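Student: For the numbering used here, add 212 to where a residue sits in the sequence shown, where the first one is 1.
Where a beta carbon is used, it is the ideal one built from N, C-alpha and C, also for glycine.
Please read these numbers as outputs of a predicted model, since none were measured by experiment.
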Amino acid sequence: MGRALELAVQAAAAGEVPVAAVVTHDGRIVAEAANAMRGSHDPTAHAEMVAIRAAAHALGRARLDGCDLWVTLEPCAMCAGAISLARIARLYWAADDPKGGAVLHGPRLFAQPTCHHRPELFPGLGAGPAGLLLRDFFADRR
């Protein structure tokens, strides 16, 4: 999570919402990304989506069985869907997102009977620093 938080700080400095994600396999980082929606003009360029794509490319496979995803904010519905489709084994996230999250909040995607794969969930790791980074980012823009 430390690396994801570092990337989130870099995203904020670049004017992106400070969210970042890291994919690990067998204890090593195989992909990492920060939000890139504004810079890439791509609404799907959430950190999780970019990191999942990069991990699939790096590992040479579409399914990321045995991989862990570390993200600084509870994933939204789009990202939770991609996590399920990619077969991520374990999902760790820092700050909860009561407004836009889709894991413990909102649609609770992994709890739906139509969800084919449910990763193990580990919320709250690094919640303090991630939450502060997000609050400060949005306070500076209001």
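How many whole angstroms separate the CB atoms of Leu-285 and Val-231, which I take to be in contact at a CB cut-off of 8 Å?
Tutor: Counting from one through the sequence shown, the residue named residue 285 turns up at place 73. Counting from one through the sequence shown, the residue named residue 231 turns up at place 19. Right, the Cβ-Cβ distance comes to about 5 Å (below 8 Å), so this counts as a contact.
Student: Please determine, among Thr-256, Ala-298, His-258 and His-253, the residue with the shortest C-alpha to C-alpha distance to Gly-272.
Tutor: Here residue 272 refers to the residue found at position 60 of the sequence shown. Checking every option, the nearest Cα to that of Gly-272 belongs to Ala-298.
Student: Considering Ala-237, what are the terminal residues of the beta strand (DSSP E) in which it resides?
Tutor: Sequence index remark: in the sequence shown, residue 237 carries index 25 (1-based). Note that residue 237 corresponds to His in the displayed sequence, not to Ala. Here the beta strand (DSSP E) through His-237 covers 232-237.
Student: To which residues of the same chain is Ala-274 closer than 8 Å at the C-beta, ignoring the five residues directly before and after it?
Tutor: Mapped onto the sequence shown, residue 274 falls at position 62. Once the five neighbours on either side are set aside, the close Cβ partners of Ala-274 are Ala-268 and Ala-298.
Student: Between the stretch 238-256 and the stretch 307-324, are three or more C-beta pairs nearer than 8 Å?
Tutor: Segments in contact, no.
Student: DSSP on Arg-215, reduced to helix/strand/coil?
Tutor: If you number the sequence shown from 1, residue 215 lands on position 3. Helix, per DSSP.
Student: Given Pro-319, which residues of its chain have a CB within under 6 Å of its CB, disregarding the five upstream and five downstream residues?
Tutor: As a working note, residue 319 is residue 107 in the sequence shown. Excluding positions up to five away in sequence, the list reads Ala-289.
Student: In angstroms with no decimal places, state the Cα-to-Cα distance between Met-249 and Val-262.
Tutor: By one-based count along the sequence shown, residue 249 stands at place 37. By one-based count along the sequence shown, residue 262 stands at place 50. Met-249 and Val-262: Cα-Cα distance of roughly 10 Å.
Student: Quick check for students: name the residue ranges of the beta strand (DSSP E) that lie wholly in the stretch 298-337, counting only runs of 3 or more.
Tutor: Whole beta strand (DSSP E) segments, 3+ residues: 302-307 and 332-335.
Student: First and last residue of the beta strand (DSSP E) that includes Glu-244?
Tutor: As a working mapping, residue 244 is identified with position 32 in the sequence shown. Taken as a continuous stretch (DSSP letters only), the beta strand (DSSP E) holding Glu-244 covers 240-246.
Student: Do Ala-216 and Trp-282 have their C-beta atoms within less than 9 Å of each other?
Tutor: Locating residue 216 in the sequence shown gives position 4, counting from the first residue. Locating residue 282 in the sequence shown gives position 70, counting from the first residue. Yes, they are a contact pair.
Student: Flag this pair as yes or no: are the beta carbons of Pro-287 and Glu-244 separated by less than 9 Å?
Tutor: The residue labelled residue 287 in the question sits at position 75 within the sequence shown. The residue labelled residue 244 in the question sits at position 32 within the sequence shown. Going by C-beta atoms, Pro-287 is not nearer than 9 Å to Glu-244.
Student: Ignore the nearest five residues each way along the sequence and tell me which others in Ala-266's own chain have a CB closer than 7 Å to its CB.
Tutor: For the purposes of this step, residue 266 is taken as residue 54 along the sequence shown, with counting starting at 1. Closer than 7 Å at Cβ, skipping near neighbours: Ala-243 and Ala-245.
Student: So what's Cys-288 in DSSP terms, helix, strand or just coil?
Tutor: Translated into the one-based positions of the sequence shown, residue 288 becomes position 76. Cys-288 falls in the coil class under three-state DSSP.
Student: If you count every other CB in all the chains shown that lies within 10 Å of the CB of Leu-219, and 16 or more means buried, which is it?
Tutor: Along the sequence shown, read from residue 1 onward, the residue named residue 219 stands at position 7. It counts as buried.
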